[in-house]
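Residue numbers (this note's numbering), protein chains in the order written: chain A, 1402 to 1517; chain B, 42 to 153.
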């Protein structure tokens, strides 16, 4: 499987500021990465698919201008939460799907964002 | 749209008891995957089932994929406190976008 890192692991920011979260695939070249959001005791909500060299594909209801995704290389995708508000506080997790027909996903450790 | 239903939402057992969580998809799946998320952690891939009627075992965990490839189950025999966490099933509909359809998860608590 893939080894995935995320940075930072937690962040506290003030309302109105922007926060960038990095997701790195350490041992696997990923043309695709997924960004999820998870509220306490709830399931994973897919936000967007990050595509290397092209625009991200956002799920219905996710504001692309609010959650900016950049897949700069085969090992790095970033999610920027712009003009953060308290309701953006959540656990953000990225994942890397393996190649081939069987797309199991390997997750980063997640970033806990708290907006005050 | 496509959905994967998972029950129960919560399960509280005494250590040593068995545990089962069930997933049911509204559509036929290419494969189904199971993940475990420990409290405060991130989901970790457990297994993938591909064939109709497939059964796979990992020590005390038994995974099944239904004949119609629309339902699946995870059974844990003689639970231990290390089994605590949330178990998610995720269906792959073989679309070329590699997205998974996630169940809501079953949270397992184990009393020592």
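Glycine included, C-beta positions come from ideal geometry on N, C-alpha and C.
Strictly below 9 Å CB to CB, what residues from chain B border residue i?
i, result
"residue 1510 of chain A", "82, 83"
Mapping the DSSP letters down to three states, classify residue i as helix, strand or coil.
i, result
"residue 1498 of chain A", "strand"
"residue 1466 of chain A", "coil"
"residue 108 of chain B", "coil"
"residue 1460 of chain A", "coil"
"residue 122 of chain B", "helix"
"residue 58 of chain B", "coil"
"residue 1488 of chain A", "helix"
"residue 1429 of chain A", "coil"
"residue 1403 of chain A", "coil"
"residue 1440 of chain A", "coil"
Cβ of residue i less than 8 Å from any chain B Cβ?
i, result
"residue 1455 of chain A", "no"
"residue 1450 of chain A", "yes"
"residue 1433 of chain A", "yes"
"residue 1409 of chain A", "no"
So residue i contacts chain A; which residues on that side make the cut at Cβ distance below 7 Å?
i, result
"residue 74 of chain B", "1505"
"residue 133 of chain B", "1504"
Checking the sheet assignment: what are the DSSP bridge partners for residue i?
i, result
"residue 50 of chain B", "According to DSSP, which records beta bridges pairwise, residue 50 of chain B is partnered with nothing at all."
"residue 148 of chain B", "B:51, B:127"
"residue 133 of chain B", "B:72, B:141"
"residue 1450 of chain A", "A:1435, A:1458"
"residue 77 of chain B", "B:85, B:128"
"residue 1506 of chain A", "A:1498"
"residue 1423 of chain A", "A:1408, A:1479"
Any beta carbon from chain A within less than 8 Å of residue i's own beta carbon?
i, result
"residue 112 of chain B", "no"
"residue 124 of chain B", "no"
"residue 144 of chain B", "yes"
"residue 99 of chain B", "no"
So residue i contacts chain B; which residues on that side make the cut at Cβ distance below 8 Å?
i, result
"residue 1402 of chain A", "86"
Closer than 8 Å by beta-carbon distance: list the chain A residues that pair up with residue i, in chain order.
i, result
"residue 129 of chain B", "1444, 1445"
Under 7 Å between beta-carbons, which chain B residues line up against residue i? List them in chain order, please.
i, result
"residue 1494 of chain A", "83"
"residue 1498 of chain A", "139"
For the ligand SAH, I want to know if residue i counts as a neighbour, meaning its beta carbon is within less than 7 Å of at least one of the ligand's heavy atoms.
i, result
"residue 114 of chain B", "Inclusion of the ligand SAH in the displayed structure is not the case, the ligand content being empty and no account of it being possible."
Strictly under 8 Å for the Cβ-Cβ distance: is residue i near chain C by that measure?
i, result
"residue 111 of chain B", "Among the chains of the structure shown, chain C does not appear; the protein chains present are A and B."
message = Quick test of the definition: if touching needs 3 or more C-beta pairs under 8 Å, does the stretch 1403-1416 of chain A touch the stretch 1470-1480 of chain A?
response = no
query = Would you call the stretch 1404-1411 of chain A and the stretch 46-56 of chain B touching, i.e. three or more CB-CB distances under 8 Å?
reply = no
ask   = Looking at C-beta atoms only, is the number of pairs between the stretch 1449-1456 of chain A and the stretch 1503-1516 of chain A that lie closer than 8 Å three or more?
value = The stretch 1449-1456 of chain A makes no contact with the stretch 1503-1516 of chain A; the number of CB pairs closer than 8 Å stays below 3.
message = Below 8 Å, how does it come out for the stretch 142-150 of chain B and the stretch 51-65 of chain B: are there three or more Cβ pairs, yes or no?
response = The way I'd put it, the stretch 142-150 of chain B does touch the stretch 51-65 of chain B; three or more beta-carbon pairs between them come closer than 8 Å.
inquiry  = Using 8 Å as the cut-off, can you tell me whether the stretch 72-90 of chain B makes contact with the stretch 105-116 of chain B, which would need three or more C-beta pairs spanning the two stretches below that distance?
reply    = yes
task = Please determine if the stretch 1422-1432 of chain A and the stretch 1442-1449 of chain A are in contact, where contact requires at least 3 C-beta pairs separated by less than 8 Å.
result = no
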